[in-house]
Structure formats: C-alpha cells, structure tokens
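Note sheet for the following structure.
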Amino acid sequence: MIPAPFSYQRAGSVQEALDLAAEHGEDARYLAGGHSLLPLMKLRLAAPEVLIDIGRIPGLSYITEADGHIAIGALTRYHDLEHSELLASAVPLLAHAAGQVGDPQVRHRGTIGGALAHADPAADLPAVALALDATLVVQGTEGSREIPAAEFFRGMFETALAPGELLTEIRVPRPAAAGWSFLKFTKRAIDWAIVGVAVQGHAVGLVNMGPRPLRASGVEQALAEGADPAAAAARAADGTEPPADINASRGYREHLARVLVGRALAEARSRG
Amino acid sequence: MSILGTRVVRTEDPRLLTEGGTYIDDLRVPELTRVAHITFVRSTLAHALITRIDTEEARALPGVIAVLTSADMDDLAPPPDAGGSGGEAPMPLGGVWAEPLLATGRVRYVGEPVAMVLTEERSQGEDAAELVSIDYEPLPAVIGVPAALSGETLLFPEAGSNIPAARGGPPSADMFADCEVVVEREIVNQRVAPVPLEGRATAAAWRDGKLTVWTSTQNAQLARFVLAGALGLDPGAIRVVAPDVGGGFGAKIGIDREGIAVAWAARRTGRPLRWTETRSENLSGMTHGRAQRQTITIGGGRDGRIRAYRLAIVQDTGAYPRMGGFLPMLTGLMSPGVYDIPRVETSYQVVVTNTTPVAAYRGAGRPEATAAIERAVDLFAAEIGMDPAEVRRRNLVRDEAFPYQTPTGALYDTGRYRQALDKVLDAAGYRELRAEQARLRERGDPVQLGIGLSSYVEITAADAAAGETARLEVDADGAATVYTGSSAHGQGHHTAWAMLVQDELGIPMDRVTVIHGDTDAIPAGTGTYASRSLQLGGSAVHKAALEVKDEARRLAAEALEASEDDLELDTSSGRWQVRGDPSAALGWGEVAARASGQRLVADVAYKGDRPTFPFGAHLAVAEVDTETGAARLVRHVTVDDAGTIVNPVLAEGQRHGGIAQGAAQALLEEVLYDADGNPLTSTLADYAAITATELPSFELLSMETPTDLNPLGAKGIGEAGTIGSAPAVQNAVIDAVGHLGVRHIDMPVTPERVWTAISEARQAQEERAAR
Amino acid sequence: MTVNGRAVAADVEDRMLLVHFVREVAGLTATNVGCDTSSCGSCTVLLNGESVKSCTVLAGQADGAEITTAEGLSQDGTMHPVQAAFHAEHGLQCGFCTPGMVMAIVSLLKESPHPSEQQVRAGLEGNLCRCTGYHNIVRAALAAAEAGAGGGDRR
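Residue numbers (my numbering), protein chains in the order written: chain A, 618 to 889; chain B, 93 to 863; chain C, 288 to 442.
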C-alpha cells in the first residue's frame, strides 16, 4: 500500500529532468501522471530510489496542428485528448480511445506520454499509436530524435527509450483514410482490454495480443491484396502471441481478435 | 396514521455525508493517543513447515517497537475444542483442526499471518515486514476437492483425513425409480470474496487491567466473548466497541485471528495498537464465501412434476474449518426450495484445502441451495421440453400447505409462492419477452436474448431462539434512548428503531437516539447477521416500548388521578390523556419525571420461536453476444416478500445490494488459485468486483405476506436479494444460448465460458447431424 | 496546498500519498482508503476541481493545489445538492464509499451537467460500492443533475 522510500525531485524544465536523470542513473524514474508507476510502487513491484516529477514542466501539454500532422505534448492528459475538438475532427480514433482508458479519475491524471513510455501490452494508446503510424519525439542529453511507433515498442514494458531519455511529443499524421474504429473487449468497463483493436483505414493495431502492441500484419496484408473485411479478419491472430491468464486463454484471445477485427473493419468502413 | 410502512429517509445520513463515518482507521480517541501500527507478515506459500523466523534485521529498523510471533504467545491457552456440537454450529471446530492466532510451525494458506510488526508510523510497517525473514520447508499444496479427498497430503496429520465434517451416506438406490426422466449434473457454486469496502480493522488498548478493543464487527458482544476465551480474560475486563463499520456481509461476525492477535499484542506490549488491513490482505485474508461442488439429481414425470431431488455437496472450507458443517447443513436444509418434492435427499462432506478459510457470506449456505435447485429445475424443464415457468408453477408449495414442513426438516411459516412468480412474470412481460426471444432466434441474430427465472425461499433468523435485546429509556426531557443488541453496518437500524418508538409511543423520531455496538453500554446482544435484526431486534424494541407504555400508564394514571382504563396515549402528540378530559394530559417527560430515577426504563430480551422464511421470484433478462460469449444483464425484476415492511426505503436498499452481489457471482466474480495455492485474484484489479456499468437499474415489486411469528409480522430481507438473483442471472445467460444446445454453464458465466459452451454445443450438434 | 479552502502545509515523507496527507495531516477522515490498486475510488477528492484518486497522487504532486473533500462540500450546515440527493434517494448504506462516490459525481456533473443513466453509470466505473447495488446512487446523481447541481457555482 505504501511505496518503499524514495527521494522526490521536481524538474522545472526538460533540461533539468534530463540532468537529474543523468545524475541518478538507474535509480531514477520519471513521474508524469503517476497512474502507471505509482500503482506498481504501492505494491512494491517497482522501487526506484528517485522519482523525477516531470508533471509540471511547462509547455509539454498541447494538441496543435502542425505541418500535415497533429502535434501532441507528452504531458497531455487522457481527459484533454478525449475532449479535444481538434482531435475529434482530425484523429477521432485517438480522442475516442483516450476516453476508454481507465475511469474519469484516471483520465484526469494519466498522460499520453506516460502511457506510451510505460508500454504495457494491455494498454490502449500504444496500439493506437501504432495504428496511426505516430512518431515519438524523444529528448536526451545528446539531443533529440524521432522514433516511429513501429520501432518504439520493443517488448513488455520495454521501449526504444535509452536510459534518461524523455518522451516530449507525439506526432500523429493526419490520417489519409477517414474510416476508424476502436473496440475494446473487457468483462467490466473498468478492466484492461482482454483484447483491443484500433483501426485507421487499413492499419490495424492490436491490444494485448502479445508482449507488445502489434499491427495485425496478416489482416493488413489481406486487405492490401483486396480481401474483404470478413476474410481479412480471419487472419487477425497471424503472428500474434496472446497471453493466457485468468481472463482468457490464448485460443479465446485469438478468436476475439478475429471477431473484433471484423467488427472494427466494418465499423471503420461505415465511417469512411 | 402509523409511520410504519412509510418511506422515511435515514437519520444516519447527514453525519455520514457531511463529516464522513468514523471507521476504525478514523478513530482519534484519547485511549489511542500515540497508537502504534501493526503490520502482519504473511505466508507466501500455501503449505509449508516454518523452520526459522529471523526478525533481527526488521527489529533494527528505526520506528520498530517489536516483532512478535507465535513463540511470544506463551501466555495463551490453546484454543478450545468446539466439541459436542456435532460439528454443525457456526464455530471453529478446534481440537485437531485448531487454528492458531499466528501460524505455529506450519502455514496452511497464502496470506496466513505468521508475524506481527509494531511500528511507530504506519509507513514503517511494510518496510519492516519486508525484512522479516522466514524459512519454509514447502509441503505439497492441497488445492481443489479431488486433492483434498484423496488424502495424499493432510493439512492436519493428527486428524487423519482432510474431512473435518460430513453428513449423509451413499445415495439411496431407488430414489428415482418411478421417474420417467432423471437429470444429473455436477455444478459449481464458486468461491467468492465478500469485499466490504472497509476491510478488517482492529484497534486495542490495555490499561489498568482492562482491555478496550475497537473492531470492525457485526457483533461487539460476540467479539468480546471470543476475546475473553482466546485471551483468558473475564468478559468484564473487556470492552468492545464497534464504531461505524464499512460493510460486513457475514465476514465480520465476531472477531477473527488477526483482531485477537492485535488485542493480545496491546496487552503484551502495553501500547495502544491499530491494524487496518490493505485490500490485498483482505482478498486473501478475510474469509471467502460459497465454494461448493454440487451433484444435483432431479427426477420426475414428463407432466412436469418433480418426484425426487438429491443434492450432494462437497464444501471447500479452506485451510481451517471455521464453521464445521454449518454452511452445507443449511444448504441441505433449504435444498428443496419452494417446491413440493416428495423425496429429497442431501449429503455433504467438508474438506480442507490450502486456501483462505471459507465462512459466512451474504446468504451463507442458502444461495448455494437456491442456485442448485433452480439449475436443476431448468435442466429438468429443458429435458422434458417444458417452459421453465410452467415447471415451477406445477411444483410450487401451495398456499394452503402453510405452515409447510419440508422433507429436510424446515418449517416454512407463510408463503405465497405462486403469486410471487406470477407477479414477476406479469410485470416483466414474460410472454412478450419469449416472443422477442423467438424473433431473434429465428433471425439468427448474433445477439440473443435470455430469460432466467428463480423462485426462492430462504431462512432468516435461523438462530431465532438466541433472540435480541433492547433497552429503552425515556427521560424527563421527553427524549428516548434505545440501546440495541443489533449492530447495523449500513442497514439503517437507527432509523427503523426510531420509527418503531415513534409509532408505539408517539415520541418523535428526532427525539429518539439509538445506540449500538458498545459492550459497556450493551453487555448482552446478539448482533446483525442472518437477516435477523428487524424481526428480533425490532421486536425487542417493540416489546420494550410496550413495557415502557405499561409503566407510563400506571404513573400517568396516578398523576392524573384516573384509572388506568381511562388513560389513553395519543401517539400523534405523544401525550397521555384521560379519555373525555383533554385538559388532563401529560407529556412523556412529565411521566418519566415521576418514575424512579426520573427515567422510564425497559430492558428486554426478545426470543423468537423459530426462523421465518421470506420468499420471492426473480426474472433476469440477459443479452448474449453469441460471437464473443459476452453476456449483459439488461433487466432484473423481483419480488422479495419479507412480510411486513417497516420502511420500504431500507428494504429496497437491501434488495438492491443483494441483487447486485448475486448478479456479480453469476456474471463475474470468482476467487482463483493456481495449482500451488497462489492466489490469482488478490487485488481488486484482478478480482472482478461488480461496478455500476455492469448492472441495470432494478425493477422491484412489492408484496408482503406477514409472518405470525413476531409482533411486527416481519421476516428478514438482508440476504434474500442475493439468494434470488444469482440463479436468475445464470439461468438467463444459459437460456440465451439454449437453442444452440447449451444446457449448463457454471458461474461465473464469463465470456470465454459462454463461448466455449456455444462452441461445444455446436460441435455436438454437427456430430449428431453427421450421424 | 489548500484543503477545503484552508491552507495546510507540512513537511512529509516524499512517499506520502495525498490520501494520507488529507486524512492524517489535514485531519479530514471522510476520504477513505478502500484498496491498493486504484480500483475502488473511495479516496476520490477534487484536485483543482477535477476528480482524482488521491491514493494514486503523491502529496508532493499536489503541492500548491486546491483540494476539495466531502467535508468541504456542505456550507454552513447545508448539504451540497449531491449530498442532499444521496440522502433523499437512500444512496448510502454503510457510508464507506460515499465520500469518494459523491466527489466523483460532483466532478461528473460539472463536466456533464445532464448525463443519461448510462453516462452516470459509465462515469462511476471507477467507484465501487458493495452495499447499494448502485441503483440509488445512480438515482441520486440523476436527481442532483435535475436539481441543477452541475451548473451554478458550487465548488
């Protein structure tokens, strides 16, 4: 219930955050909304010795139009994504998915940067970022770099972020194809997805079908070859390694993926 | 007009809403000044010998006052043997099955407390607990009924088996001989967790030879009794206080081992202590509910008449038999439910397994009985191809048969089972629902509709003879105080008892104070569980009011120089008047002033003759997505007839809460362990406690069939909703896919289970077609 | 930070959770701890006017913020419309989940002054109650909305 002791440091700028991270190395973790990290710490599944609170760094919470893409600051909260008029018209998939995460209290605190950097395979936004071909802008002591979402998620809770690097912006290209759908299958509304599907045009992202978010490559290939959605959906489980846990067996997840992809593609088609 | 039966909002609410309740962790009383905190160190293995406990590192941490283990409990006698009760009393069996306060030599479930860490600050507790080092020699974990029955590994070697209680022999050979149709099935009433929002919590202080224990309990007096026995103290040296209690549901009856350990430690160390468990501790440390494997066999004719029913139960009681055979005994007692079945046979075995102990949880043995018979009736109906409502109609105990003695030995007081069922069918629009279902089936829609029924009867105040107490005082200022032996933890007794006083005496509710849960103020009382409090505790208040009235009449007559026969009490004004002479009147305060000590007092114990039997019918409508197996409860319509209703607001609230917990068991909740006895549902993220999004608003119908067993005509309502709802919801989901060949799905009817059942049924159908 | 309009300042352990700050430092115990996985919502307070689970916020993160708890909702002995609705609709039994539930509804109605029943239920997905079955809680929320609890300038 109570985390192991740690030292709380507050960063007033990106540079300060990077400096603190460099100073403390492995012993430190960044803290944004805290709704991925603090629950782990309260159960003592994580026990960093230093928390660098980046939650108040100014200028990291925004949703703006840029050249051909929407730029989203990493500290933008789910709540703000959900209620953004710009996102609702430009990238409704992201606005809608953000509104499905957790509950209203979580959405008032959790951030898109935190969700992506934490990289829980059962989380919704990583799969959405994949389906949107987002680019993640990352700052380090050596400078900044841009990482395509397809290269960002490496494994369970594992990303391409090097130690100390800070995710600062997410760039979402304006979708070429209008059709979108986000379907999240849970037993209770509050639960993590047993399986989730994010569709933008013919891009299909899968939630909780492997140790990291995946693109449903079999489905995308079938669609590219001209298959209709129902036939393409049959390949939803291709190349996936869904977990078996108390909520679902592997086989059931594979079945769900096929059903949900079929429905999501149909819904996307009706929207675009 | 009487206030009884009218809708009255609760007097408890303003404080709870504007200040918040005072639960154990909120207590800031002088006796708990400088209270130290207790953190338990718990077993991480399901079954193991403890070979070494090293507390040195933990004790060295700043703020650690002590680290205590069972080795320190050298001032306690071993727990007594339950002995002689035949093992069916709701008490620990003890003896060779004894449960220690802190694990002694052996741990028998993950989460079993092994050591206690006392720290100055709460936050230091977990830090220190992590440093307590325990060496274990693992033993094979006995998980599941087959492992327990095999006896290969014994939890209690001295006992010689893993079966602490059993009743009934092998099934009789010819029970079903005259039945055209016999259906038998093994079903599961799964283990669930009570999840009161406030977990277990106890604070204790020892001073000048007196122990004060504040604990989150459903009965302070029982807690005191248990503490006295466990600690070798005279009950007079112990005061137990139940402050506000954040839910109990049967799992906070008395006080359990951690609470006793806290009290012991307060005496041992001389420091006031407080323990508030975390939710993770609660999910594997508080007793679980249900956990029965059942074999149901039902037989009858194609005319729909049930002739025989057998229920064989294996009750998993977890690592320690805390209630002997009590739960399955009740299940057997209530097994025929509302049906008039000529031949009924039951048997049970209780087994121990390396899991959290099982005890009472909302319904305590009766939901299991109703779920079994309602499944059996639906299976029978499916086998003979008859509408399940019709099968029920043809077998319900008839109105003329009451009081009705069941083959299992229960004596049902009053009931109108047919009317309850008809009322629900009518209100729900049963015919229209079946028509809608038929349409969807014909269209082959992916989303199908299911209608589930349950007709139920349940036993309340099963321990009626233990009764309840009430002390009523009316003071010279005209105000009244009720000291009740009942112990509300959400049920609204303060409102209801004040209503009873206002009704009988004419003292307005806002001048009636109700006090409960303090053994200093109320030394004798039974407490709140088994849906007993209104019928016994309320009747006690009523009886006390009558006694106060008698005494008041005598005093008023004296004062007004009239005969008692000419005195009447005007309850609308609360004044004693001489008939025909409005000027000759006295208020309650004036009468009380003339009593000895300037106070009218009645101190009563009300004992019930025998239990009462509320009953009802539930109809659940479920939508099932046949492509994914996802089921959704869309409507839930009920009759829950608990006799005379004193306050419909309170009764409805109990019904709502009960319905939700039953629906939760049917749809979502299950406590799971892996093969090594590691809990898999030990946080609220994993244990699927039901939320508002999974439930509809409920449709409650009114029906009151009073009992003649108490002056209020009241039966109990607290558990009825849970008993009625789970089978209806389960039956609805199965009904939704019945046309695909599915006959049964165990609770919880998770999406995967539903989908698997559909797939298997489809496969079976294809195989049959191919032949 | 300010809690219910009153400034509260203290030196606390870095790891202190906001819920413990509210309960133990500010001395306001209506807000409760019901779980350890941010699941139950009993700890819900308003942080700068928005509902948050105070068990999942460090006190340090709330430095300088305005916190509102259930105790801060009533003014001069008059219950807030949401509290009054809970009373009228029997939306509480044991009361443990109630402060958090009330704060969650206050926040919900601020953002969505006229929710449907479905929206209320969805808005309460993060708040567990074991006693009421949610039926009367939903009624209370809808009644409060009807009474205009979402609009206006109540804190």
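Backbone N, C-alpha and C fix where the C-beta goes; we use that ideal spot for every residue, glycine too.
Here P675 (chain A) is not near R646 (chain A), since their CB atoms are 7 Å or more apart. For M618 (chain A), DSSP assigns no beta-bridge partner whatsoever.
With respect to chain C, the C-beta atom of L692 (chain A) has no partner C-beta closer than 7 Å. Under a criterion of Cβ atoms nearer than 7 Å, the residues of chain B adjacent to V876 (chain A) are, in order, E719 and T720. Taking a Cβ-Cβ threshold of 7 Å, the residues of chain C close to F623 (chain A) are D301 and R302, in chain order.
If you draw a straight line from the Cα of G598 (chain B) to the Cα of E565 (chain B), it is about 14 Å long. With a contact defined as Cβ atoms closer than 8 Å, G416 (chain B) and L185 (chain B) qualify at about 5 Å. With fewer than 16 other beta carbons inside 10 angstroms of its own, M93 (chain B) counts as exposed. Under the three-state reduction of DSSP output, N414 (chain C) falls in the coil class, being neither helix nor strand. The beta carbon of E353 (chain C) sits closer than 6 Å to those of T289 and N335, all from its chain and outside the five residues before and after it, given in chain order. Residue A:Y869 holds the alpha-carbon nearest to the alpha-carbon of I811 (chain A) among A:S678, A:Y869, A:A766 and A:L710. Per DSSP, W367 (chain B) is one residue of the beta strand (DSSP E) stretching across L365 to T368.
In the structure shown, N487 (chain B) adopts helical secondary structure according to DSSP, grouped into three states.
When CB distances to chain B are screened at a threshold of 8 Å, the residues of the stretch 383-405 of chain C falling below it are F383, C384, T385, P386, V389 and E404, in chain order. Around T379 (chain B), the same chain offers P286, A343, D348, G410, R414, T448, P449, V450, A451, A452 and Y453 as residues with beta carbons nearer than 8 Å, after the five sequence neighbours per side are excluded.
Within the stretch 327-344 of chain C, the residues whose Cβ lies closer than 7 Å to some Cβ of chain A are G328, T331, E337, S338, V339, K340, T343 and V344, listed in chain order. Take T693 (chain A), set aside five residues on each side of it, and the residues of its chain with a beta-carbon closer than 7 Å to its own are S678, Y679, I680, T728 and I729, in chain order.
Rounded to whole angstroms, V516 (chain B) and Y522 (chain B) show a C-alpha spacing of 8 Å.
For N335 (chain C), no beta strand (DSSP E) segment is defined, and its DSSP state is neither H nor E. The three-state reading of DSSP puts I354 (chain C) in strand, counting E and B together. For G810 (chain B), the CB contacts under 6 Å within the same chain, skipping 5 residues up- and downstream, are S623 and Q746 in chain order. Within chain B, the residues E844 have their CB atoms less than 7 Å from the CB of A865 (chain A), given in chain order. T611 (chain B) is positioned such that its CB atom lies no closer than 7 Å to that of E560 (chain B). Neighbours of F774 (chain A) in chain B, taken as residues at a C-beta separation under 7 Å, are lacking, since the least C-beta distance is about 16 Å.
Scanning C:H377, C:G438 and C:A432 for the CA closest to the CA of Y421 (chain C) turns up C:H377. Boundaries of the beta strand (DSSP E) around P674 (chain B): D673 to G679. Collapsing the DSSP output to three states places D610 (chain B) in a strand.
When DSSP states are grouped into helix, strand and coil, G393 (chain B) belongs to the coil group.
Contacts between L873 (chain A) and chain B, judged by CB atoms closer than 7 Å, involve T720 in chain order. Taking the Cα positions, M773 (chain A) is about 18 Å away from A748 (chain A). C-alpha of I687 (chain A) to C-alpha of L778 (chain A): approximately 22 Å in a straight line. Within the stretch 195-226 of chain B, complete beta strand (DSSP E) segments of at least 3 residues are found at 205-211, given in chain order.
T814 (chain B) is a Cβ neighbour of G455 (chain B), given a cutoff of 7 Å. Closest in alpha carbon position to L246 (chain B), among B:V209, B:D167 and B:L141, is B:L141. Just so you know, the alpha carbons of E278 (chain B) and L764 (chain B) end up roughly 19 Å apart. DSSP places V824 (chain A) inside the beta strand (DSSP E), whose first and last residues are A820 to V824.
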